[in-house]
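Notes follow the structure.
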Amino acid sequence: MRYLTAAAFACLAGAAAAQQTDITIGMQLEPPHLDPTSAAAAAIDEVVYANVYEGLTRFGPDGSVLPGLAESWEIADDGLSYSFTLREGVTFHDGAALTADDVVFSLDRARAEESTNAQKALFDAIDEVTAVDDLIVEITLKQPNGALLFNLAWGDAVIIDESDVDTLTTSPVGTGPFMFSDWVEGDRVELVRYPDYWGEPVALEAATFKFISDPTAAFAAMMAGDIDAFPVYPAPENLAQFEADPRFTVLVGSTEGETILAMNNGLAPFDDVKVREAVAHAIDRQAVIDGAMFGYGTPIGTHFAPHNPAYVDLTDLSNHDPEKARTLLAEAGYPDGFTTTLKLPPPSYARRGGEIIASQLRAVGIQTEITNLEWAQWLEEVFRGKDFGLTIVSHTEPMDIGIYARPDYYFQYDDPAFRAMNTQLNEIVDPSERNEVLKAMQERIAENYVNGYLFQLAKTGVADARIEGLWQNSPTQANDLTGVRWTE
Amino acid sequence: MLRYAFRRLISFALALVVASLVVFFSLEVVPGDPAAYMMGLNARPEAVEALRAELGLDRAPAQRYVAWIGGMLQGDFGTSYTYRAPVAGMIADRLWVSLPLALYALALSTLIAFPVGIWAAARRGSAADMAVIGTTQLGIAVPNFWFAMILVAVFAINLGWFSAGGFPGWENGFWGGLKALTLPAIALALPQASILARVMRSALIDTLGEDFVRTARAKGLSPGQALRRHALRNALIPVLTIIGLQFSFLLAGAIIIENVFYLPGLGRLVFQAIQQRDLIVVEGVVMLLVFAVITVTFLVDLAYAAVDPRLRRG
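The listed protein sequences correspond, in order, to chains D and F.
Each residue of the first sequence is one higher than the last, beginning at 1 in the working numbering.
Each residue of the second sequence is one higher than the last, beginning at 1001 in the working numbering.
Given below as structure tokens:
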């Protein structure tokens, strides 16, 4: 009966029926503040990236690098200087016009000595940023850097206005299609459409980001219609139910999150490549994906995203072969196996995956003492203190294979040959040459069995079936709403 | 009386100082660094150090303790490490949700418990009394978060009368705010009402057996009159004690219900702050709760003294 009335009403209202122009997006974590240039929290970018703030370049939904505030650029033949032409008529939400000086200020602030930018390495190659005129910015480099355009697309490289710098954390002012409206701490952040946006006007007039940490509450909020879309839905076990319900669509895509069983390369017995190889062969990736992630996730054999054109499938190097694992352990001098620690941070991929991996390791003779840690403890003990044997973590930054060139990084992989490859990569500008080096780097770490490579984290989201334009994949952690609209 | 009040006041102040020392230094030994939490897995160590300096975390603990206490005496609770906002303002915002929720739940539980408890006590041993005992036993046994999830499933998902959670803010209308707190308050009130009804019932049954009630009956009062005029007033003392305890529990302990209904209350603030090692927020909230509990105890002490003259000399 209710449906009949609704249908009758819809007929009466006919073409005059107004389309819904606001959206409520659910997120599991609340951002600590709203300045993407001084913290690593993904939740910040999930609210402001491409919506409130823009950089010189930006990521498209497929991970490609597109022009952002820079409409075009020219690269000098030696690859040492980039000249960016800014778009005309771009204004910040406080009305100030975007000029080359704002770009100089933003990039200089990010790479300054006392900068608290969480991704300062993005700007390492930059020697100087200068304003040629109002709309032309020149970036000169210390050495050629093929990743510069990619690096400038990160949320940590967005352009801000100097006069707003003290209030960025609580009331962000950017150049994007939405401007900040309200933040009820603990509950929601509200954005409204910016009428003077330089680009194509967005279909939505208002967007609300609501923070629901409890998976059961997230389910109830979707079911009750309080939330229109939950792009990173926290409970994969409910997805089948949403899939069966015509009111919802389930979005399954890829992320930049390489989930790995990290091994402490600086600690016996993991300093022996034979032991690491044994661990790699002891793992049954598909069992971990099925058991911990309800089947969502793509197996990986190295630290690289499978959707990237430079990806090499190296999963065969570490296929599930317990017999081989036992032989390798015996060769390494551990015929009866050994005991080590397995320290797990809170996400379910780690906690559920950890139990499964522990039993797989037990099958080849490796006993693990499992410790569950909070994130803050994990950062202190494992990441900074390097006090662990094994741990499971997802590295969610895009294109982060460069961490293997940092010998003091928590898994302590110290390989001069790999470091040389990484230096070489940074100096190449040509995309196909870069891909060749990237492939060699992937092979190097896979053959050295630096870590156990498990799977690429899937992005599993739920949305009202009438919404279109949400990102299916997650080339960077963002909820870009510029192309989102209601279809009826 | 004045000397007694003064002595109580001194122990009140001492308790606060000791509490602040315990709170501050016990949190200091918890492993974890708020700056490392903020900067994630890719940050350079020097960027983390720069953030530590910016947050004032590079100073010695004793130095920070003095700065913290000095600020609090002037009403300044410091600045949150992660939110970069004044802690006092954050706590005040959350109190505007937690305090009304606690009062709402307390009012509901009292409104249910009083009539039920009195009704059962007046019919002691009857089938109705047994039914009350059984129902309240169930009310205590059922976990409140489970009851909350049932409420959401029925009233938010199936009937659509309420939102599944969240809080619109009082500035968007009183009734909207009250509506958002209704399901959480019911979920919180049910176990409290069950406890309170049982206390009410047994306290009343005890006083009904006292000599003064028999005297009242001998004077010619009906059982109902004797209960209302004489027994009820005396039975209130244990009931009021329980209500006082329940209030501080509801204010500080609603965290699970706040999670189920994703309400921006004090409990969730502390929970999140602990995870992020935003210790200055944790310290501020804990001190506020300590202050509240000590104040209530202080007032209760004074009230006892006012009622019982023997205590004033003690």
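Cβ coordinates follow ideal geometry from the N, Cα and C atoms, glycine included.
Residue i to residue j span [Cα, whole Å]
{"i": "Gly295/D", "j": "Ile289/D", "result": "5 Å"}
{"i": "Gly55/D", "j": "Ala310/D", "result": "25 Å"}
{"i": "Ala478/D", "j": "Ser394/D", "result": "17 Å"}
{"i": "Val1282/F", "j": "Gly1267/F", "result": "10 Å"}
{"i": "Gly14/D", "j": "Ser1109/F", "result": "Because Gly14/D carries a pLDDT of 40, less than 50, the predicted location of this residue cannot be relied on, and the following value inherits that uncertainty. Cα to Cα, Gly14/D sits roughly 49 Å from Ser1109/F."}
{"i": "Leu1051/F", "j": "Ala1035/F", "result": "6 Å"}
{"i": "Ile1112/F", "j": "Leu1208/F", "result": "21 Å"}
{"i": "Leu12/D", "j": "Val202/D", "result": "Below a pLDDT of 50, predicted positions are generally treated as unreliable, and Leu12/D, at 41, falls in that range; the measurement from the model is reported next regardless. Taking the straight line from one Cα to the other gives about 28 Å."}
{"i": "Val1239/F", "j": "Leu29/D", "result": "41 Å"}
{"i": "Tyr3/D", "j": "Gly1160/F", "result": "Note that Tyr3/D scores a pLDDT of 43, beneath 50, so its modelled location is shaky; the value from the coordinates is reported in the next line. Roughly 15 Å between the two C-alpha positions."}
{"i": "Leu491/D", "j": "Thr169/D", "result": "This structure cannot settle anything about residue 491/D, because the visible part of chain D is limited to 1 through 488."}
{"i": "Tyr1319/F", "j": "Gly1139/F", "result": "The question about residue 1319/F has no answer, for chain F in this structure spans 1001 to 1314."}
{"i": "Gly1117/F", "j": "Glu190/D", "result": "47 Å"}
{"i": "Thr340/D", "j": "Thr175/D", "result": "51 Å"}
{"i": "Ala278/D", "j": "Phe270/D", "result": "10 Å"}
{"i": "Trp375/D", "j": "Leu251/D", "result": "28 Å"}
{"i": "Pro1061/F", "j": "Arg188/D", "result": "34 Å"}
{"i": "Glu1049/F", "j": "Val137/D", "result": "31 Å"}
{"i": "Gly297/D", "j": "Ala1156/F", "result": "33 Å"}
{"i": "Ala465/D", "j": "Thr24/D", "result": "14 Å"}
{"i": "Ala458/D", "j": "Asn264/D", "result": "26 Å"}
{"i": "Ala292/D", "j": "Ile356/D", "result": "8 Å"}
{"i": "Lys324/D", "j": "Asn308/D", "result": "31 Å"}
{"i": "Leu350/D", "j": "Gly253/D", "result": "Position check: residue 350/D holds Ala in this sequence, whereas Leu was assumed. Spanning the two alpha carbons is a distance of roughly 20 Å."}
Partners in chain D for residue i, counting only beta-carbon separations shorter than 9 Å
{"i": "Thr1082/F", "result": "Pro32, His33, Ala39, Ala41"}
{"i": "Ala1085/F", "result": "His33, Thr169, Thr170, Glu185"}
{"i": "Asn1144/F", "result": "Ordered by position in chain D, no residue passes the 9 Å Cβ test against Asn1144/F, which lies about 14 Å from the chain."}
Burial state of residue i, where buried means 16 or more other Cβ atoms lie within 10 Å
{"i": "Ala110/D", "result": "buried"}
{"i": "Met27/D", "result": "buried"}
{"i": "Leu425/D", "result": "buried"}
{"i": "Ala6/D", "result": "Here Ala6/D scores only 43 on pLDDT, less than 50, and its place in the model should not be relied on; the value that follows carries that caveat. It counts as exposed."}
{"i": "Trp1146/F", "result": "exposed"}
{"i": "Asp77/D", "result": "exposed"}
{"i": "Asn145/D", "result": "buried"}
{"i": "Arg362/D", "result": "exposed"}
{"i": "Met1130/F", "result": "exposed"}
{"i": "Ser359/D", "result": "exposed"}
{"i": "Glu468/D", "result": "exposed"}
{"i": "Thr255/D", "result": "buried"}
{"i": "Glu1258/F", "result": "buried"}
{"i": "Ser1080/F", "result": "buried"}
{"i": "Gly1024/F", "result": "It should be noted that the sequence gives Phe, not Gly, for residue 1024/F. It counts as buried."}
Chain F residues whose Cβ lies nearer than 7 Å to that of residue i
{"i": "Glu374/D", "result": "Gln1275"}
{"i": "Ala118/D", "result": "Met1039, Gly1040, Asn1042, Ala1043, Ala1047"}
{"i": "Gln377/D", "result": "Pro1031, Gly1032"}
{"i": "Asp400/D", "result": "Asn1042"}
{"i": "Phe455/D", "result": "Going along chain F, no residue has its Cβ under 7 Å from Phe455/D, so there is no contact; the nearest lies around 18 Å."}
Residue i: contacting residues in chain F (beta-carbon distance under 8 Å)
{"i": "Lys210/D", "result": "Gly1166, Tyr1262"}
Chain-ordered neighbours of residue i on chain F, where CB pairs are closer than 9 Å
{"i": "Ser213/D", "result": "Asn1259, Tyr1262, Arg1268, Phe1271, Gln1272"}
{"i": "Leu135/D", "result": "The premise fails here: Leu135/D is roughly 31 Å from chain F at the closest Cβ pair, so nothing lies under 9 Å."}
{"i": "Phe248/D", "result": "What Phe248/D touches in chain F: nothing, since even the nearest Cβ is about 13 Å away."}
Under 7 Å by beta carbon: chain D residues contacting residue i
{"i": "Asp1093/F", "result": "Glu185"}
{"i": "Leu1051/F", "result": "Thr116"}
{"i": "Glu1054/F", "result": "Thr116"}
{"i": "Ala1185/F", "result": "Those within 7 Å of Ala1185/F in chain D number zero; the least Cβ separation is about 17 Å."}
{"i": "Gly1169/F", "result": "Val184"}
Closer than 8 Å at the beta carbon, the chain D residues around residue i
{"i": "Met1090/F", "result": "Glu185"}
{"i": "Ser1026/F", "result": "Simply none; closest approach about 16 Å."}
* Tell me the start and end of each unbroken alpha helix (DSSP H) in the stretch 116-152 of chain D that is at least 4 residues and wholly inside, in chain order. => 148-151
Subject >> Ordered list of beta strand (DSSP E) runs contained in the stretch 193-265 of chain D, each at least 3 residues >> reply: 206-211, 248-263
Quiz prompt | Where the stretch 71-99 of chain D meets chain F: residues whose CB sits under 7 Å from a CB there | solution = none
Residues of the stretch 216-242 of chain D with Cβ closer than 7 Å to any Cβ of chain F, in chain order:
Thr216, Ala217, Ala220, Ala221, Met223, Ala224, Asp226
Runs of alpha helix (DSSP H) wholly within the stretch 368-442 of chain D (minimum 4 residues, chain order): 375-378, 416-427
Contiguous alpha helix (DSSP H) assignments of at least 4 residues, all confined to the stretch 289-351 of chain D: 322-331
Check your understanding: Which ranges would you report for the beta strand (DSSP E) in the stretch 1179-1227 of chain F if only whole runs of at least 3 residues count?
Key -> none
Give, in chain order, every residue of the stretch 292-312 of chain D whose Cβ lies closer than 9 Å to some Cβ of chain F.
none
Legend entry - Under 8 Å (Cβ pairs) to chain D, residues found in the stretch 1129-1158 of chain F: Met1149, Val1152, Ala1153, Ala1156, Ile1157
Within 8 Å of chain D by C-beta, residues of the stretch 1226-1259 of chain F in sequence order:
Asn1259
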